[in-house]
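Asks: Using my numbering, the first residue of the sequence shown is number 191, and each one after it goes up by one. Provided herewith is a single structure, encoded as structure tokens, for subsequent inquiry.
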Amino acid sequence: MPAAPDYGRGTLNMVVPTIDAALSAWHGVVPVCSASFSEANAAGLIPGLEPARRAVMVMVDGLGSELIERYGGHAPVIRQAMKHESSRTLSTVFPTTTAAALTAMGTGLAPAEHGIVGYDAVAPDPAGGRRSVNQLGGWPEDLDPGQWQPNPTCFERMEAVRRVVTVSRDKFEHSALTRSSLRGGEFVGVTTPHARVAATLAELKHKDVFVYLYWDDLDRAGHAYGVASEKWRHELEELDAAMGRLIAKLPADTLVVLTADHGMVDIPREGRIDYSQFPELIDGVELTAGEPRAVQLHFEQHTPQAQRDAVVAAWKERFGADAWILTREEYVELGWFGASFRDGVLERAGDVVIAAHGPIALYDGRRVSPHAFQMIGQHGSLTEAERRIPFAVLAQP
């Protein structure tokens with residue numbers, strides 16, 4: 191059974207507070223992202239960064255550390271950056287999925303505190319029941335992003351003391367995830383790699399600025415073609431070339447850190463399984479959520495404990511060799527989502543979590559389209575390939 195991410199100690203949610211501390215040290219102001227941290231969390235800021243006048247944080251969706259180690263020959267700029275004395279490998283959050291991870295990055299909090307607990311999560315519906323809601327997009331109008339994730343973001347905190355800019359695809363500007371987890375500062379919507387680099391460099395003309403640059407091309411290629419594909423390696427080369435152009439034109443005294451939200455593993459077609467075909471795995475289950483590498487089951491409210499136990503036993507019998515299967519009590523004790531849950535968040539996560547460690551991805555075929563089974567690159571679980579992410583210092587004053 192893997193240990194939980196050590197939230198507040200070398201995890202993704204500490205990256206923005208660490209960069210904020212470097213900027214604040216240069217400008218002689220109090221760091222704002224960590225202002226509400228406990229003393230223990232504040233001590234968990236990532237060490238080694240020098241004070242900086244301005245900073246760029248590059249978030250590369252899907253670029254796990256294991257992939258840099260395996261395919262570093264296609265990314266010499268990033269591979270060399272990982273040799274910097276301040277670079278290191280971090281852990282992302284659980285589940286290792288974009289919605290939970292970007293919210294942790296944006297707020298400085300673990301999923302148990304920020305409340306985005308999976309690709310799909312259970313939320314109340316207006317009629318008083320429950321439903322599974324995709325946390326990346328397509329939120330129903332009655333689910334207010336600011337109430338679903340009410341914690342202030344680091345971007346909101348920082349914009350009180352410096353310019354804060356997000357450079358990303360324009361379609362994300364008004365998305366529910368942006369409004370819940372990445373709100374604050376200005377938004378510059380661009381699409382092509384060249385335009386993203388140009389927009390970032392334009393913002394660095396400001397003397398005190400934090401730029402969040404989001405890069406999703408690699409993740410899209412991995413899902414569609416797999417991380418072992420030529421298409422994925424091509425996107426890695428494009429990313430690396432773009433980072434080379436960026437650091438070649440930086441103004442002095444600029445910090446550039448590259449990180450990721452999760453890694454990725456390829457799952458063969460025979461490993462992509464519709465678990466709804468096995469009645470004993472969904473007996474008494476009202477809703478399914480999570481993602482194929484980290485399934486979450488929600489029982490009907492009045493499902494007897496013996497029936498729940500039988501479902502857990504059935505999962506262990508069928509998939510126990512390839513997955514960690516935990517009850518709510520077990521994953522809470524382990525701290526997978528975080529040390530403590532904000533009021534109302536625990537009920538969003540499953541009564542049971544099935545986290546794959548073998549070459550499988552588990553789908554509820556009643557709820558997803560046939561196209562979903564074509565996805566090759568996957569993530570969500572706590573294997574080393576999915577959880578280890580880079581903290582790569584590309585440039586530092």
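For every residue, glycine included, the Cβ atom is placed at its ideal position computed from N, Cα and C. Everything numeric in this text was worked out from a predicted model, so none of it was measured.
For Arg577, which residues of its own chain have a beta-carbon under 6 Å away from its beta-carbon, when the five flanking residues on both sides are left out?
Replies: The residue labelled residue 577 in the question sits at position 387 within the sequence shown. Here the set comprises Ser281, Thr282, Thr286.
Asks: Whole angstroms are fine: how far does the CA of Phe377 sit from the CA of Trp514?
Replies: If you number the sequence shown from 1, residue 514 lands on position 324. If you number the sequence shown from 1, residue 377 lands on position 187. Going by the C-alpha atoms only, they are around 40 Å apart.
Asks: For the region 346 to 391, list the alpha helix (DSSP H) runs that are entirely contained and at least 4 residues long, ordered along the chain.
Replies: As far as the region 346 to 391 is concerned, its whole alpha helix (DSSP H) runs of at least 4 residues are 366 to 371.
Asks: Taking Cβ to Cβ, would you say Gly453 is nearer than 9 Å to Leu326?
Replies: Taking the sequence shown and counting its residues from 1, one reaches residue 453 at position 263. Taking the sequence shown and counting its residues from 1, one reaches residue 326 at position 136. Not in contact: Gly453 and Leu326 (Cβ atoms no closer than 9 Å).
Asks: I need the straight-line Cα distance from Glu291 to Asp451, nearest angstrom please.
Replies: Position 101 of the sequence shown holds residue 291. Position 261 of the sequence shown holds residue 451. The sequence shown places Ala at residue 291, not Glu. Approximately 5 Å between the Cα atoms of the pair.
Asks: Give me whichever residues DSSP pairs with Gln568 in a beta bridge.
Replies: Your numbering for residue 568 matches position 378 in the sequence shown. DSSP lists Val455 as partners of Gln568.
Asks: Per DSSP, which one or two residues make a beta bridge with Arg578?
Replies: One-based indexing of the sequence shown puts residue 578 at position 388. BP columns for Arg578 point to Ser281.
Asks: Applying the 10 Å Cβ sphere with the 16-neighbour rule, what's the burial state of Ala350?
Replies: For this step, residue 350 is matched to residue 160 along the sequence shown. It counts as exposed.
Asks: Can the beta-carbon of Pro335 be found closer than 9 Å to that of Ala366?
Replies: As a first step, residue 335 is located in the sequence shown; it is residue number 145 there, counting from the start. As a first step, residue 366 is located in the sequence shown; it is residue number 176 there, counting from the start. Cβ distance < 9 Å, so Pro335 and Ala366 count as in contact.
Asks: For Gly238 and Pro587, what's the separation of their Cα atoms in angstroms?
Replies: Numbered from its first residue, the sequence shown carries residue 238 at position 48. Numbered from its first residue, the sequence shown carries residue 587 at position 397. Cα to Cα, Gly238 sits roughly 12 Å from Pro587.
Asks: Report all residues from its chain with a CB closer than 7 Å to the CB of Ile258; omit the five preceding and five following residues, and keep chain order.
Replies: What you label residue 258 is simply residue 68 of the sequence shown in a count that begins at 1. Once the five neighbours on either side are set aside, the close Cβ partners of Ile258 are Ala265, Ile268, Arg269, Met272, Pro580.
Asks: Near Arg435, which residues of its chain fall below 7 Å by C-beta distance, leaving aside the five closest residues on each side in sequence?
Replies: As a first step, residue 435 must be located in the sequence shown, where it is residue number 245. Cβ within range, chain order: Val387.
Asks: Using the DSSP secondary-structure output, state which residues sit across from Tyr404 in a beta bridge.
Replies: Within the sequence shown, the letter at position 214 stands for residue 404. The partner list for Tyr404 (beta bridge, DSSP) reads Met249.
Asks: In terms of DSSP beta bridges, what is Asp464 paired with?
Replies: Position 274 of the sequence shown, counting from 1, holds the residue named residue 464. Asp464 is bridged to Tyr553.
Asks: Could you give the distance in angstroms between the alpha-carbon of Arg518 and the alpha-carbon of Trp338?
Replies: Here residue 518 corresponds to residue number 328 of the sequence shown, with the count starting at 1. Here residue 338 corresponds to residue number 148 of the sequence shown, with the count starting at 1. Answer to the nearest angstrom: the Cα atoms are 21 Å apart.
Asks: What are the residues that DSSP puts in a beta bridge with Ile515?
Replies: Your numbering for residue 515 matches position 325 in the sequence shown. Ile515 pairs with Ile544.
Asks: Hey, quick one: how far does the alpha helix (DSSP H) through Phe489 stretch, first residue to last?
Replies: Locating residue 489 in the sequence shown gives position 299, where the first residue counts as 1. First-last for Phe489: 484 to 489, but that is the beta strand (DSSP E), not the alpha helix (DSSP H).
Asks: May I ask you to report which of helix, strand or coil DSSP gives Asn203?
Replies: Within the sequence shown, the letter at position 13 stands for residue 203. Asn203 falls in the helix class under three-state DSSP.
Asks: Let me check understanding here. Comparing Cα to Cα, which of Pro207, Arg321, Pro314, Gly567 lies closest to Val455?
Replies: As a first step, residue 455 must be located in the sequence shown, where it is residue number 265. Answer by Cα proximity: Gly567.
Asks: Going by beta-carbon coordinates alone, are Gly198 and Met204 separated by less than 9 Å?
Replies: Along the sequence shown, one-based indexing puts residue 198 at 8. Along the sequence shown, one-based indexing puts residue 204 at 14. It is a contact, given that the beta carbons lie within the stated cut-off.
Asks: Grab the span of the beta strand (DSSP E) containing Glu331 for me, first residue to last.
Replies: Residue numbering aside, residue 331 sits at position 141 when the sequence shown is read from its first letter. Note, Glu331: premise wrong, no beta strand (DSSP E); not H, not E.
Asks: Nearest CA to the CA of Phe184: which residue from Asp251, Pro301, Gly262, Asp210?
Replies: What is shown of the chain runs 191 to 587, which leaves residue 184 out entirely.
Asks: Would you say the beta carbon of Ser214 comes nearer than 8 Å to a heavy atom of the ligand ADP?
Replies: This structure simply doesn't include the ligand ADP, nor any ligand for that matter.
Asks: Are the beta-carbon atoms belonging to Ala311 and Arg498 less than 9 Å from one another?
Replies: As a first step, residue 311 is located in the sequence shown; it is residue number 121 there, counting from the start. As a first step, residue 498 is located in the sequence shown; it is residue number 308 there, counting from the start. Cβ distance not < 9 Å, so Ala311 and Arg498 don't count as in contact.
Asks: Taking His492 as the reference, which of Glu476, Gly548, Arg483, Gly480 has the closest Cα?
Replies: As a working mapping, residue 492 is identified with position 302 in the sequence shown. The candidate whose alpha carbon is nearest that of His492 is Glu476.
Asks: How is the beta strand (DSSP E) around Val323 delimited, first residue to last?
Replies: In the sequence shown, residue 323 corresponds to position 133, counting from 1. That run of the beta strand (DSSP E) goes 320 to 324.
Asks: Taking all protein chains shown into account, do 16 or more other C-beta atoms lie within 10 angstroms of the C-beta of Val220, making it buried, or fewer, making it exposed?
Replies: Numbered from its first residue, the sequence shown carries residue 220 at position 30. By the 10 Å Cβ count, Val220 comes out exposed.
Asks: Below 8 Å, how does it come out for the region 557 to 572 and the region 405 to 423: are there three or more Cβ pairs, yes or no?
Replies: Judged by Cβ distances under 8 Å, the region 557 to 572 makes contact with the region 405 to 423, as three or more pairs qualify.
Asks: With a threshold of 7 Å on Cβ separation, who are the neighbours of Ser571 within its own chain once the five nearest residues in sequence on each side are excluded?
Replies: Along the sequence shown, one-based indexing puts residue 571 at 381. Thr286, Arg483, Ala484, Ala545, Ala546, His547.
Asks: Compare the Cα-Cα distances from Gly262 to each of Ala418, His304, Gly308, Val354 and report the closest residue.
Replies: Here residue 262 refers to the residue found at position 72 of the sequence shown. Among Ala418, His304, Gly308, Val354, the Cα nearest to that of Gly262 belongs to Ala418.
Asks: Contact check, Leu516 vs Val558 under 8 Å by CB: the rounded distance?
Replies: Walking along the sequence shown from the start, residue 516 turns up at place 326. Walking along the sequence shown from the start, residue 558 turns up at place 368. Between Val558 and Leu516 the Cβ distance is about 23 Å, and since that is not below 8 Å, they are no contact.
Asks: When we look at the beta-carbon of Ser255 and count the other beta-carbons within 10 Å, is it buried (16 or more) or exposed?
Replies: For the purposes of this step, residue 255 is identified with residue 65 of the sequence shown, where counting begins at 1. Looking at its Cβ environment, which holds 16 or more other Cβ atoms inside 10 Å, Ser255 is buried.
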